[in-house]
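>
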Amino acid sequence: MSKIYDEERIIVPRFNEASGFYTTPERSKMMAKIRGKNTKPELQFRKALWAAGFRYRVDYKKLIGKPDIVLKKYKTVIFIDGEFWHGYNWEERKYKIKTNREFWIPKIERNLQRDREVNIALETMGYTVFRFWEKEIKKELDGCLGRVISHLKSIDRGY
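Okay, structure coming up:
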């Protein structure tokens with residue numbers, strides 16, 4: 009991936025007491041409950057895509073970035089990103105992080121950097137990449153789905 013992408017890689021410190029980061033047991037419990045896959049917005053989008061007649065793969069490990077949804081026939085991938093983890097409105101929000109800033113700021117900035125790297129790599133492989141925020145799916149599911157479906161139908165007409 010670094011061959012394609014020239015930006016210097018952001019180093020994220022380890023989150024442990026030895027590195028100077030501390031957390032409460034309550035915070036650890038809350039963080040442990042955060043899902044990485046099969047989130048409600050993902051399930052909503054997948055259900056709507058299936059109902060529209062499109063078949064897909066979920067968390068496809070054979071592609072870089074392990075996209076949430078892959079439509080191999082159409083060479084299309086869809087990511088549904090959480091606002092905190094993927095830095096929604098990051099330039100404004102990063103100043104609001106109050107605890108463990110030395111960890112969280114590089115962590116989220118590295119996530120942003122990795123998202124860009126993954127997009128470039130997938131596009132180089134000929135895939136079309138869609139990225140939606142979880143809140144977009146929750147508020148505008150039909151609009152997000154419409155963008156994807158119109159793209160898929162335009163490819164289908166091309167065959």
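Take the sequence shown: its letters are residues 9 to 167, numbered as in the working numbering. Here a beta-carbon is modelled for each residue, glycine too, at the ideal position from N, C-alpha and C. Here the structure is a predicted model, which is why all the values come from computation and not from measurement.
Could you tell me whether the Cβ atoms of W141 and Y96 are closer together than 8 Å?
Closer than 8 Å, so yes.
> Would the region 115 to 133 count as touching the region 53 to 67 if we require 3 or more Cβ pairs under 8 Å?
Cβ pair count under 8 Å is below three, so no.
> L71 and L130: beta carbons closer than 8 Å?
Contact: yes.
> Write down the C-beta distance between Y82 and L149 rounded to the nearest angstrom, noting that I regard them as a contact closer than 8 Å.
Their Cβ separation, rounded to whole angstroms, is 20 Å, which puts Y82 and L149 out of contact at 8 Å.
> Who are the near neighbours of I163 in its chain, counting only those whose CB is closer than 7 Å to its CB and skipping five residues on each side?
So the qualifying residues of the chain are Y82.
> When DSSP builds the beta bridges, which residues end up paired with W141?
The partner list for W141 (beta bridge, DSSP) reads D89.
> Let me check one thing: in DSSP terms, what residues is T136 bridge-paired to?
BP columns for T136 point to T84.
> Buried or exposed, going by whether 16 or more other CB atoms sit within 10 Å of the CB of I1?
The requested residue 1 is not part of the displayed model; the chain covers only 9 to 167.
> Apply the 10 Å Cβ neighbour rule to I2 and answer buried if 16 or more other Cβ atoms are within range, or exposed otherwise.
Outside the shown range of the chain, which is 9 to 167, sits residue 2, and nothing can be said about it.
> Looking at the unbroken beta strand (DSSP E) that takes in L79, where does it start and where does it end?
Counting along the chain, the beta strand (DSSP E) containing L79 begins and ends at 77 to 79.
> Using the three-state DSSP reduction, which class does R65 fall into: helix, strand or coil?
R65 falls in the strand class under three-state DSSP.
> Let's test the definition: count the other Cβ atoms within 10 Å of the Cβ of I19 and tell me whether it reaches 16, buried, or not, exposed.
When all chains shown are included, I19 counts as exposed.
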